[in-house]
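These notes concern the structure reproduced below.
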Amino acid sequence: MPELQRLRPDHAPALLAFERDNRAYFAASVPDRGDAFFEEFEDRHRALLDEQETGAIHFHVLVAEDGEVLGRFNLVDAVDGAAELGYRVAEKATGRGVATAGVREVCRLAREAYGLTRLTAATTLDNAGSRAVLGRVGFGAVGSVTLDGEPGTSYELDLGAART
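Take the sequence shown: its letters are residues 17 to 180, numbered as in my numbering.
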(Lines of atoms letter the chains of each structure in order from A; the text may use other names.)
(Lines give C-alpha, C1' and ligand atoms only; values in the text may rest on other atoms or scores of the structure.)
Protein backbone atom coordinates (compact mmCIF):
# COMPACT_ATOMS: atom_id res chain seq x y z
CA MET A 17 0.00 0.00 0.00
CA PRO A 18 1.44 3.43 -0.91
CA GLU A 19 2.52 5.65 1.99
CA LEU A 20 2.55 9.44 2.18
CA GLN A 21 5.98 10.54 3.41
CA ARG A 22 7.40 13.95 4.24
CA LEU A 23 9.94 14.87 1.56
CA ARG A 24 13.50 13.82 2.46
CA PRO A 25 16.89 14.03 0.73
CA ASP A 26 16.81 10.34 -0.22
CA HIS A 27 13.57 10.80 -2.20
CA ALA A 28 15.45 12.79 -4.89
CA PRO A 29 16.16 9.97 -7.41
CA ALA A 30 12.62 8.53 -7.30
CA LEU A 31 11.08 12.02 -7.39
CA LEU A 32 13.13 12.99 -10.43
CA ALA A 33 12.08 9.76 -12.16
CA PHE A 34 8.42 10.54 -11.32
CA GLU A 35 8.71 14.04 -12.83
CA ARG A 36 10.53 12.80 -15.95
CA ASP A 37 8.24 9.81 -16.54
CA ASN A 38 5.11 11.96 -16.24
CA ARG A 39 6.35 15.18 -17.86
CA ALA A 40 4.19 14.93 -20.98
CA TYR A 41 1.16 13.78 -18.96
CA PHE A 42 1.45 16.73 -16.56
CA ALA A 43 2.10 19.22 -19.37
CA ALA A 44 -1.28 18.31 -20.87
CA SER A 45 -3.05 19.93 -17.90
CA VAL A 46 -0.54 22.27 -16.21
CA PRO A 47 2.34 24.36 -17.56
CA ASP A 48 5.50 22.34 -18.19
CA ARG A 49 8.23 22.83 -15.61
CA GLY A 50 10.80 23.46 -18.36
CA ASP A 51 14.18 21.89 -19.03
CA ALA A 52 15.91 23.90 -16.30
CA PHE A 53 13.78 22.14 -13.67
CA PHE A 54 15.30 18.81 -14.65
CA GLU A 55 18.82 20.11 -15.23
CA GLU A 56 18.92 21.80 -11.82
CA PHE A 57 16.82 19.23 -9.96
CA GLU A 58 19.40 18.27 -7.33
CA ASP A 59 20.05 21.88 -6.27
CA ARG A 60 16.33 22.67 -6.31
CA HIS A 61 15.54 19.59 -4.20
CA ARG A 62 18.07 20.69 -1.56
CA ALA A 63 16.67 24.23 -1.57
CA LEU A 64 13.11 22.96 -1.08
CA LEU A 65 14.22 20.80 1.84
CA ASP A 66 15.93 23.83 3.40
CA GLU A 67 12.77 25.90 2.94
CA GLN A 68 10.68 23.07 4.41
CA GLU A 69 12.71 23.40 7.61
CA THR A 70 11.31 26.93 8.04
CA GLY A 71 7.75 25.56 8.32
CA ALA A 72 6.48 27.74 5.47
CA ILE A 73 6.05 24.72 3.19
CA HIS A 74 5.37 21.03 3.72
CA PHE A 75 6.22 18.69 0.86
CA HIS A 76 5.11 15.07 0.69
CA VAL A 77 5.52 12.19 -1.72
CA LEU A 78 3.30 9.16 -2.07
CA VAL A 79 5.68 6.21 -2.18
CA ALA A 80 4.85 2.69 -3.37
CA GLU A 81 6.23 -0.35 -1.57
CA ASP A 82 9.03 -0.60 -4.15
CA GLY A 83 10.11 3.02 -3.52
CA GLU A 84 8.52 4.46 -6.67
CA VAL A 85 6.95 7.91 -6.23
CA LEU A 86 3.30 7.86 -7.30
CA GLY A 87 2.40 11.42 -6.36
CA ARG A 88 3.31 14.74 -4.78
CA PHE A 89 1.12 16.47 -2.20
CA ASN A 90 2.32 19.88 -1.11
CA LEU A 91 1.24 22.56 1.32
CA VAL A 92 2.78 25.93 0.45
CA ASP A 93 2.64 29.44 1.84
CA ALA A 94 1.77 28.15 5.32
CA VAL A 95 1.09 31.25 7.38
CA ASP A 96 -1.48 32.26 10.00
CA GLY A 97 -2.98 28.75 10.11
CA ALA A 98 -3.61 28.50 6.37
CA ALA A 99 -1.80 26.98 3.39
CA GLU A 100 -2.38 26.24 -0.27
CA LEU A 101 -2.66 22.62 -1.37
CA GLY A 102 -1.15 21.42 -4.61
CA TYR A 103 -0.80 17.87 -5.87
CA ARG A 104 -0.05 15.72 -8.88
CA VAL A 105 -0.33 11.98 -9.39
CA ALA A 106 1.47 9.70 -11.86
CA GLU A 107 -0.54 8.87 -14.96
CA LYS A 108 -0.38 5.16 -14.20
CA ALA A 109 -1.89 5.74 -10.73
CA THR A 110 -4.94 7.73 -11.87
CA GLY A 111 -8.46 6.41 -11.48
CA ARG A 112 -7.62 4.26 -8.44
CA GLY A 113 -8.39 6.69 -5.61
CA VAL A 114 -4.70 7.54 -5.11
CA ALA A 115 -5.22 11.30 -5.39
CA THR A 116 -8.20 11.28 -3.04
CA ALA A 117 -6.35 9.18 -0.45
CA GLY A 118 -3.26 11.39 -0.70
CA VAL A 119 -5.25 14.61 -0.34
CA ARG A 120 -7.14 13.19 2.65
CA GLU A 121 -3.88 12.21 4.33
CA VAL A 122 -2.18 15.56 3.70
CA CYS A 123 -5.28 17.31 5.08
CA ARG A 124 -5.01 15.17 8.22
CA LEU A 125 -1.32 16.07 8.56
CA ALA A 126 -2.11 19.74 7.95
CA ARG A 127 -4.49 19.71 10.90
CA GLU A 128 -2.72 17.31 13.28
CA ALA A 129 0.99 17.76 12.57
CA TYR A 130 1.25 21.31 11.23
CA GLY A 131 -1.56 23.00 13.19
CA LEU A 132 -3.26 24.41 10.11
CA THR A 133 -6.93 25.35 10.22
CA ARG A 134 -7.69 26.22 6.59
CA LEU A 135 -6.52 25.02 3.19
CA THR A 136 -7.07 26.55 -0.22
CA ALA A 137 -6.66 24.97 -3.65
CA ALA A 138 -7.38 25.90 -7.25
CA THR A 139 -7.86 24.01 -10.49
CA THR A 140 -8.82 24.76 -14.05
CA LEU A 141 -12.39 24.12 -15.15
CA ASP A 142 -11.26 21.43 -17.59
CA ASN A 143 -9.53 19.40 -14.85
CA ALA A 144 -12.52 17.27 -13.85
CA GLY A 145 -10.37 14.81 -11.92
CA SER A 146 -8.95 17.42 -9.56
CA ARG A 147 -12.33 19.07 -9.13
CA ALA A 148 -13.81 15.68 -8.16
CA VAL A 149 -10.99 14.93 -5.69
CA LEU A 150 -11.38 18.29 -3.97
CA GLY A 151 -15.15 17.79 -3.73
CA ARG A 152 -14.82 14.27 -2.30
CA VAL A 153 -12.49 15.51 0.41
CA GLY A 154 -14.80 18.36 1.39
CA PHE A 155 -13.34 21.43 -0.31
CA GLY A 156 -15.99 23.93 -1.32
CA ALA A 157 -15.82 26.21 -4.34
CA VAL A 158 -15.36 29.82 -3.25
CA GLY A 159 -14.68 31.73 -6.45
CA SER A 160 -13.39 31.97 -9.96
CA VAL A 161 -9.70 32.30 -10.83
CA THR A 162 -7.51 32.36 -13.90
CA LEU A 163 -4.67 29.83 -13.84
CA ASP A 164 -2.02 30.30 -16.51
CA GLY A 165 -4.60 31.95 -18.73
CA GLU A 166 -7.23 29.26 -18.20
CA PRO A 167 -10.51 29.73 -16.30
CA GLY A 168 -10.62 27.92 -13.01
CA THR A 169 -12.18 27.64 -9.58
CA SER A 170 -10.70 28.34 -6.16
CA TYR A 171 -11.59 26.07 -3.26
CA GLU A 172 -11.38 26.21 0.50
CA LEU A 173 -11.48 23.65 3.30
CA ASP A 174 -12.04 24.50 6.97
CA LEU A 175 -9.93 21.86 8.70
CA GLY A 176 -11.77 22.35 11.97
CA ALA A 177 -15.02 21.31 10.33
CA ALA A 178 -13.61 18.86 7.76
CA ARG A 179 -14.27 15.17 7.83
CA THR A 180 -11.37 14.14 5.62
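A virtual CB, placed ideally from N, CA and C, is assigned to each residue, including glycine.
Taking 7 Å as the limit between beta carbons, can you name the residues of its chain near residue i, skipping five residues before and five after?
| i | result |
| --- | --- |
| PHE34 | VAL85, ALA106 |
| ALA94 | GLY71, ALA72, ILE73, HIS74, TYR130, LEU132 |
| VAL92 | ILE73, ALA99, GLU100, GLY102 |
| SER146 | THR139 |
Taking residue i and residue j to be in contact with their CB atoms under 8 Å, please state how far apart those CB atoms are, rounded to whole angstroms.
| i | j | result |
| --- | --- | --- |
| HIS76 | VAL122 | 6 Å |
| PHE57 | LEU32 | 5 Å |
Taking 6 Å as the limit between beta carbons, can you name the residues of its chain near residue i, skipping five residues before and five after?
| i | result |
| --- | --- |
| GLU166 | THR140 |
| ARG152 | THR116 |
| LEU78 | PRO18, LEU20, LEU86, GLY87, GLY118 |
From the DSSP output, which residues share a beta bridge with residue i?
| i | result |
| --- | --- |
| HIS74 | LEU91 |
| GLU166 | LEU163 |
| THR136 | GLU100, GLU172 |
| LEU20 | LEU78 |
Relative to the C-alpha of residue i, which candidate in the options has its C-alpha closest?
| i | options | result |
| --- | --- | --- |
| ALA30 | GLY83, THR116, GLY97 | GLY83 |
| GLY111 | PHE155, GLU100, HIS61, ALA148 | ALA148 |
| ALA98 | GLU19, PRO18, GLY176 | GLY176 |
| ASP96 | LYS108, GLU81, SER146, ALA126 | ALA126 |
| ARG124 | VAL161, PHE57, ALA28, PHE89 | PHE89 |
Give me, in chain order, the residues of the same chain whose beta-carbon lies closer than 8 Å to that of residue i; leave out the 5 immediate sequence neighbours on both sides.
| i | result |
| --- | --- |
| PRO25 | HIS61, ARG62, LEU65 |
| ALA80 | PRO18, LEU86 |
Compute the minimum distance between the beta carbon of residue i and the heavy atoms of the ligand GTP, and state whether it is under 7 Å.
| i | result |
| --- | --- |
| ARG22 | Absent from the structure shown: the ligand GTP. Ligands present: none. |
Point to revise | Validate contact between the region 123-140 and the region 162-175 using beta carbons, cut 8 Å, 3 pairs | key: Contact holds between the region 123-140 and the region 162-175, because three or more Cβ pairs, one in each stretch, are under 8 Å apart.
Point to revise | Contact between the region 42-56 and the region 64-72 (3+ Cβ pairs under 8 Å) | key: Touching, no.
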